[in-house]
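Chains B and G are the protein sequences, given in the same order.
Numbering-wise (my numbering), the first sequence opens with residue 242 and increments by one.
Numbering-wise (my numbering), the second sequence opens with residue 242 and increments by one.
Cβ atoms here follow ideal geometry from the backbone N, Cα and C, with glycine treated the same way.
Number of protein chains: 2
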Amino acid sequence: MDGGRRGAEGQQGQRPVAASPLRRQTVTAMVADHIAGKIIGGEYPGGHQIRQEAIAAELGVSRIPVREALLQLEADGLVVIRTHRGAVVSELSAEDAVDLFEARLQLEPFLVGKAIERVSDGGIAEVETSMRAYERAIARGDDPKELSRLNWAFHTALLEPAGRPRSMAVVQTLFNSADRYLRLQIEPAKAQAKALREHRELFEAFRRRDAAETARLLTRHIADAAGEIVAQLRHEAAG
Amino acid sequence: MDGGRRGAEGQQGQRPVAASPLRRQTVTAMVADHIAGKIIGGEYPGGHQIRQEAIAAELGVSRIPVREALLQLEADGLVVIRTHRGAVVSELSAEDAVDLFEARLQLEPFLVGKAIERVSDGGIAEVETSMRAYERAIARGDDPKELSRLNWAFHTALLEPAGRPRSMAVVQTLFNSADRYLRLQIEPAKAQAKALREHRELFEAFRRRDAAETARLLTRHIADAAGEIVAQLRHEAAG
DNA sequence: TATTGTAAGATTGGATCCAATTCAGTTTGG
DNA sequence: CCAAACTGAATTGGATCCAATCTTACAATA
């Protein structure tokens with residue numbers, strides 16, 4: 242969800258402790274997180290015009306960090322900037338969704354295979370941890386934004402052991418660009434139960450270090466989500 | 242090579258013609274192109290510190306557009322920015338090269354397959370055009386930067402008909418990040434002859450709309466380049 | 001009426017100036 | 001003699017102000 246924004250050096254310990262434990266955060270990074278949150282949370286829908294002055298006033302900063310934040314968000318695929326016309330929350334056509342998901346389908350199964358080749362027991366434990374966190378969040382009925390974050394954390398845990406940071410960054414961007422549309426699909430209880438079951442199957446195969454099976458499950462997992470999102474987008478476009 | 246920088250609305254007709262044909266270019270875009278050129282051309286080697294003030298003075302602009310240009314270049318993978326520490330031309334380890342090229346190996350053969358499904362006769366003609374432009378440039382002995390640009394134009398022509406702009410953007414970024422290291426490999430006459438032969442084979446298979454063969458050739462083409470670059474990087478790291 | 005031209009307001013792009021952080025060299029205390 | 005603390009310049013991050021561009025509404029003309 243974060244996209245690797247720099248500036249935050251760790252958790253943000255809210256309280257003003259003495260000898261403040263490194264809560265250094267550049268204003269640009271704060272603004273970027275703020276806007277990204279609104280977009281991912283659906284508060285700024287696709288097509289929404291983002292006015293620099295409005296954001297600046299809202300956060301009590303100047304327009305400079307807002308502009309630089311928008312540039313980063315454009316790199317993450319969340320907004321589109323046109324010269325002298327400002328930033329608009331990027332919209333996703335059905336074709337774009339197919340585009341993004343098929344790219345993920347090429348990359349993620351491959352990466353998970355590499356991950357299984359190299360993963361340590363600790364890495365497997367981390368996958369289990371993030372899976373359980375996701376399950377707990379569903380049980381608690383957490384909001385979609387949090388669910389999305391944890392869903393992505395699970396995917397990250399699966400792929401991270403591959404040791405391919407550049408590919409991971411690409412996959413992250415692809416995910417970010419479609420993320421908020423997945424939110425609609427992940428809400429219904431039925432879809433949640435399905436995602437949960439698929440995550441468990443994935444983890445089981447991963448734990449057994451069964452590369453072929455894991456790749457197959459991951460492919461199906463992504464393709465399923467893609468199918469539903471594309472159907473939804475086509476439906477919206479028609480209606 | 243461009244990465245889709247905005248601001249240029251067409252060719253830049255140098256002369257100050259009456260009714261100037263839309264030579265509008267934002268300063269940020271100019272600066273970004275300038276720095277990108279230096280990096281790709283090898284003038285700024287990996288690890289080189291980029292000082293905002295120096296660039297600003299050199300181009301006679303303020304530091305604001307320089308900073309924003311650097312943000313765009315970071316998205317293109319050409320520089321790395323660390324808070325309060327400025328931008329450094331990104332370096333490529335052998336592991337990074339493997340990372341980048343294997344990602345391309347997942348995406349490009351897939352995309353060329355899609356391209357063949359959908360390509361028109363005009364699209365095939367464009368591939369031939371860009372291939373011939375590359376051949377002429379080699380015959381003329383053009384500089385490595387120009388060769389790199391034309392090599393990429395050929396790849397673009399092969400993949401563009403797939404109609405997958407998001408995937409294309411990803412591939413472009415992956416290419417940009419390794420591009421300038423390929424320069425070293427592309428210079429020797431022997432390597433040039435090989436690249437040229439492979440391009441011809443690719444075009445032939447593409448023209449026949451032989452998806453399987455084209456994908457196979459493209460895979461080998463990319464893998465070959467990857468192998469040489471990785472070997473070179475390992476050599477440098479050792480020596 | 002449809003189209004073109006024009007002017008005012010809104011909005012973004014860029015320059016200049018100030019603040020915060022980093023870094024290199026030096027000093028100080030052990 | 002070395003490590004830690006300090007001091008200054010160098011450098012980046014951010015605020016304020018000005019310029020360039022776009023948008024919208026309205027008027028003029030065919």
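Compare the C-beta of residue i with all C-beta atoms of chain G and state if any pair is closer than 8 angstroms.
| i | result |
| --- | --- |
| B/R449 | no |
| B/E332 | no |
| B/T397 | no |
| B/S371 | no |
| B/P406 | yes |
| B/A464 | no |
| B/Q347 | yes |
| B/Q313 | yes |
| B/A277 | no |
| B/D337 | yes |
Taking DSSP's pairing of strands, which residues face residue i in a bridge?
| i | result |
| --- | --- |
| G/I291 | G/A328 |
| B/R323 | B/G327 |
Counting only the same chain and skipping the five closest in sequence on each side, list residues whose C-beta sits under 7 angstroms from that of residue i.
| i | result |
| --- | --- |
| G/L300 | V272, H275 |
| G/Q290 | G327, V329 |
| G/E349 | L400, V412, L459, I463 |
| G/V353 | L399, L400, T455, A456, L459 |
| G/A446 | E454, T455, L458 |
| G/A496 | What the structure shows of chain G is the stretch from 242 to 480, and residue 496 of chain G is not part of that stretch, so it cannot be assessed. |
| G/L481 | An answer regarding residue 481 of chain G cannot be provided, because it is not within the stretch 242 to 480 covered by chain G. |
| B/V471 | A335, A338, V339 |
| B/G480 | none |
Going by DSSP, what residue range makes up the alpha helix (DSSP H) through residue i?
| i | result |
| --- | --- |
| B/A464 | 452–479 |
| G/S334 | It is not in any alpha helix (DSSP H) - G/S334 carries neither H nor E in the DSSP assignment. |
| B/S371 | 362–381 |
| G/V307 | 304–316 |
| B/D274 | 268–281 |
| B/P286 | Element bounds for B/P286: n/a, residue is neither H nor E. |
| B/P385 | 385–400 |
| G/R438 | 430–448 |
When the cut-off is 8 angstroms and only beta carbons count, does residue i lie next to chain B?
| i | result |
| --- | --- |
| G/F416 | no |
| G/L263 | Any answer about G/L263 is weak, because its pLDDT of 48 lies below 50 and its placement is not dependable; what the coordinates show is given next. No, its Cβ sits nowhere closer than 8 angstroms to a Cβ of chain B. |
| G/L443 | no |
| G/E309 | yes |
| G/V411 | yes |
| G/D420 | no |
| G/T455 | no |
| G/D274 | no |
| G/R256 | At G/R256 the pLDDT is 32, less than 50, meaning the model places this residue with poor confidence and gives no usable figure here. |
| G/T460 | no |
| G/A316 | yes |
| G/L341 | yes |
If we ignore side chains and look at the alpha-carbon of each, how far apart do residue i and residue j end up?
| i | j | result |
| --- | --- | --- |
| B/A310 | B/K279 | 13 angstroms |
| G/A430 | G/I379 | 9 angstroms |
| B/A394 | B/S371 | 6 angstroms |
| G/R438 | G/A452 | 19 angstroms |
| G/N417 | G/A316 | 11 angstroms |
| B/A478 | G/P402 | 24 angstroms |
| G/I357 | G/R407 | 18 angstroms |
| B/A335 | G/A295 | 45 angstroms |
| B/A434 | B/K386 | 17 angstroms |
| G/P306 | G/L314 | 12 angstroms |
| B/P286 | B/V321 | 13 angstroms |
| B/Q473 | G/R308 | 40 angstroms |
| B/G282 | G/D383 | 50 angstroms |
| B/A298 | B/E284 | 18 angstroms |
| B/E376 | B/A366 | 15 angstroms |
| G/G404 | B/G363 | 41 angstroms |
| G/D337 | B/R323 | 32 angstroms |
| G/L319 | G/A277 | 7 angstroms |
| B/R441 | G/A410 | 33 angstroms |
| G/S361 | B/H325 | 36 angstroms |
Below 6 angstroms CB to CB, which residues in the same chain sit around residue i once its five sequence neighbours on both sides are set aside?
| i | result |
| --- | --- |
| G/A467 | F342 |
| G/A374 | L391 |
| G/T269 | P306, E309, A310 |
| B/V302 | V268 |
Under the criterion of a Cβ to heavy atom distance below 7 angstroms, does residue i qualify as lining the ligand FMN?
| i | result |
| --- | --- |
| B/A335 | The ligand FMN is not part of this structure, which contains no ligands at all. |
Which residues in the same chain as residue i place their Cβ atom closer than 8 angstroms to its Cβ, once the five residues preceding and following it in sequence are excluded?
| i | result |
| --- | --- |
| B/V288 | Note that residue 288 of chain B is Gly in the sequence shown, not Val. The answer, listed in chain order, is V329, V330, E332. |
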